[in-house]
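Inspection log for the structure reproduced underneath, given as structure tokens.
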Amino acid sequence: MKISVIGTGYVGLVSGACLAEMGNHVLCLDVDPRKIEILRAGGIPIYEPGLEAMVQRNVAAGRLSFTTDIAASVDYGQVQFIAVGTPPDEDGSADLKHVVAAARNIGRHMTARKVVVDKSTVPVGTADRVSEAIAEELAQRGVDFPYCVVSNPEFLKEGAAVEDFMRPDRIVVGAEDPHGIEIMRALYAPFQRNHEKLILMDVKSAELTKYAANAMLATRISFMNELALLAEKLGADVEKVRQGIGSDPRIGYQFLYPGCGYGGSCFPKDVSALRRTAGESGLELKILGAVEAVNERQKSVLLDKIEGHFGADLAGKRFALWGLAFKPNTDDMREAPSRVLIEGLHQRGAVISAYDPVAMDEARHIYGNRPDLEFAASPEDAVEHADALVVVTEWQIFRSPDFDGLKKTLRQPVLFDGRNLYDPHQVRAAGLQYYGIGRI
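Numbering (numbering that gives the first Met the number 0), first residue to last: 0 to 439.
What follows is the structure, given as structure tokens:
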């Protein structure tokens, strides 16, 4: 099958590469020449495990190519995936200008039947807007070609996106057009050889499913973070509580890990957009309002603990930060808890020595050259001459540190564990003061 993917960001590039991996011929379009230059040179503009090798392999095989030519992209694929960004607008709603622009370009240039697939995370009703935009452009040209719009939301976890696409636990397709349904079934047949994973539904239900999934996961995280605060007040250990409730099969263990808040490009944006969508329909989603409020408070919990130990004036203090990305296996720092902590420490006069396996270039891009923010060559280098260690991201490289070595290296033997990676008793036995999230 010949497929065009509009947008070479996180969703578009992963989708394009994985579809090519299954034998399809894919042309990825982006209006940013810099991105296309990087891709044509054999690189990728984002970090995602396994993606670079997959892109290079399929480019070499002639199944994957890249362009800035809009007309060529529309002409190429019988299936047109729209995978452009939907950043939050000032009012919290999803900004659909790139989605609508992509739809208009399809309408301006199409000369044959097309199946248009909304892969971007979009509010309910977006497929109608995409269909209307294409129809308007066709009408202006005085031509009429058949097309349909399908909703096919992505459920990719950053850091595991290639695996998620190649071995999906479900494939949600919102479509009513028989031709569109037939094409989507054929496209995804290689991804579900073991058993049927494709869930067919109406378009609006598919659009809502994506937002509902992310809102549910964000809710679980905020619930556990709020329980962690209560556990600290009561002298309980939230990790024991997590194990106790997670063992209930009705609840399960996933997304029950307390920490210093969620971030990234999905949960914050999607929860806000879903609340906005509900508000436009005259409904207040009170639970999701609480989820957002709890998360914003949780992003400051490490700073509160640091102040509780050292006081509000941190001038002359140096802190080692392990982790900058919002989660492991990505360089994404959008809405990352580390950013709240860095700004809070900066305002209080502290100096930071940070280490992250892949996100330091992104941090340099965000912060530039700042005298109060240094980037270390290793986790051990970050700790040199630091008054305390603060763990912000649960990278595997941070999971088994030398606590005796930390005790000797740190100016003051203090560890703030923002992800509950360590056994408090083991840390304290090494002579370190330990501050976790809801731990005793």
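Note that the Cβ used here is the ideal one computed from N, Cα and C, for glycine as well.
| said: So that I know if they touch, is there some Cβ in chain C lying closer than 8 angstroms to that of PHE318? | reply: You won't find chain C in this structure, because it holds only one protein chain.
| query | How far does the alpha helix (DSSP H) with VAL121 in it reach, from first residue to last? | reply | Looking at the DSSP string, VAL121 is not in any alpha helix (DSSP H), and its letter there is neither H nor E.
| field | Minimum length 4: unbroken alpha helix (DSSP H) runs contained in the stretch 186-240 | value | 202-233
| field | Local Cβ density within 10 Å of MET215, reported as buried at 16 or more and exposed below that | value | exposed
| field | Opening and closing residue of the beta strand (DSSP E) in which SER150 lies | value | 146-150
| Looking at the unbroken beta strand (DSSP E) that takes in GLY173, where does it start and where does it end? | 170-173
| According to DSSP, residues forming a beta bridge with HIS463 | Nothing about residue 463 can be read from this structure; the chain reaches only from 0 to 439.
| query | Are the CB atoms of PHE318 and LEU344 nearer to each other than 8 angstroms? | reply | yes
| DSSP beta-bridge partners of LEU93 | Residue identity check: residue 93 is Ala in the sequence provided, not Leu. Looking at the DSSP assignment, ALA93 forms a beta bridge with PRO87.
| Assigned exposure category for ASN328 - 16 Cβ within 10 Å defines buried | buried
| message | When you compare the stretch 106-123 with the stretch 252-262, are there three or more beta-carbon pairs, one atom per stretch, that lie closer than 8 angstroms? | response | no
| query | Who pairs with TRP321 in a beta bridge, going by DSSP? | reply | TYR354 and VAL390
| query | So, VAL391 versus LEU405, is the Cβ gap smaller than 8 angstroms? | reply | no
| task | Look up TYR261 in the DSSP assignment and say whether it is helix, strand or coil. | result | coil
| field | Distance CB(ALA93)-CB(PRO48) smaller than 8 angstroms | value | no
| task | Helix, strand or coil for GLN432, going by three-state DSSP, please let me know. | result | strand
| task | For ASP446, count neighbouring Cβ atoms within 10 angstroms of its own Cβ and tell me buried if that reaches 16, exposed if not. | result | Lying before the first or after the last residue shown, residue 446 is absent from the chain, which here runs from 0 to 439.
| message | Measuring only the C-alpha atoms, how far is HIS194 from HIS178? | response | 23 angstroms
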